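Structure first, commentary second.
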Ligand SMILES: [Fe+2]
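Residue numbers (my numbering): 302 to 474.
This is how it looks when you write it as C-alpha cells:
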C-alpha cells in the first residue's frame, strides 16, 4: 500500500497571467512565494505552493463542452471563517455563483477570471456521519443539496444564532 500522504497543488495555465496571480493570491489570502514573468507559486499554509499560475499568452479559451476538471475545493476551519472569506471577497466585488448546503458541507462556488470553478467549504459532518448521510434517504432524493443565502447566513451569525441551527440541513435557507 502506498497512497499519497496529501494532495499537494494545482497548476493553472492562463493567458491573463497578472490578473490570475492577483485574483488567486487575494482569494486564498495567500502569498506569492516565488514569482517571475510567467510562473508564480502561491502558498497560504505549510505547503510551498498550493496553487501555481503559469502564464502562456498564446493559450485559447477552452470549449465549454470539453471534458476534464469540474471544480476543486478548499476547506475552511469554521463557518465563521468561510463567511469571513465570503465577505472579504464580496467587499472586492467578487461573489459566488452558487451557495449551497450539501449536507456534508456548506459551500460557496466561485469562478476565477478564466472561469475555473473553485469551491470554498466548511465540513459540517464527521466522516461516519457523512458516510451515513450519503447512503441515506435525503441524499438519494437530492444528492446536490439545498440552496443557502450567504448574506442571510452572515446576518444569522451576527444575530447570535447557534451553529447547530445554522448548519442544520433540513432548515437550510
Ligand atoms: Fe465539491
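Note that the Cβ used here is the ideal one computed from N, Cα and C, for glycine as well. Quantities reported herein were computed from a predicted structural model and do not represent experimental measurements.
Is residue 402 near ligand 1, in the sense that its beta carbon is under 7 Å from a heavy atom of that ligand? no
Collapsed DSSP secondary structure at residue 370 in the structure displayed: coil
Counting Cβ pairs, one atom from each stretch, are 3 or more of them under 8 Å apart for the stretch 414-429 and the stretch 330-345? no
Just the Cα atoms here: how many angstroms apart are residue 412 and residue 371? Per the coordinates, the alpha-carbon of residue 412 lies some 11 Å from the alpha-carbon of residue 371.
For residue 354, the residue or residues it bridges with in DSSP: 313 and 341
What's the gap between the Cα of residue 321 and the Cα of residue 354? 7 Å
If you follow the alpha helix (DSSP H) that residue 389 is part of, which residue opens it and which one closes it? In the DSSP assignment, residue 389 falls within the alpha helix (DSSP H) that extends over 380-392.
If we call anything under 8 Å between Cβ atoms a contact, is residue 407 one with residue 449? yes
Where residue 307 sits in the DSSP three-state scheme: coil
If you draw a straight line from the alpha carbon of residue 315 to that of residue 472, how long is it in whole angstroms? The C-alpha of residue 315 lies about 40 Å from the C-alpha of residue 472.
Among 328, 391, 318 and 330, which has the Cα closest to the Cα of residue 338? The option with the nearest alpha carbon to residue 338 is 318.
Residue burial classification, residue 420 (beta-carbon count within 10 angstroms, cutoff 16): buried
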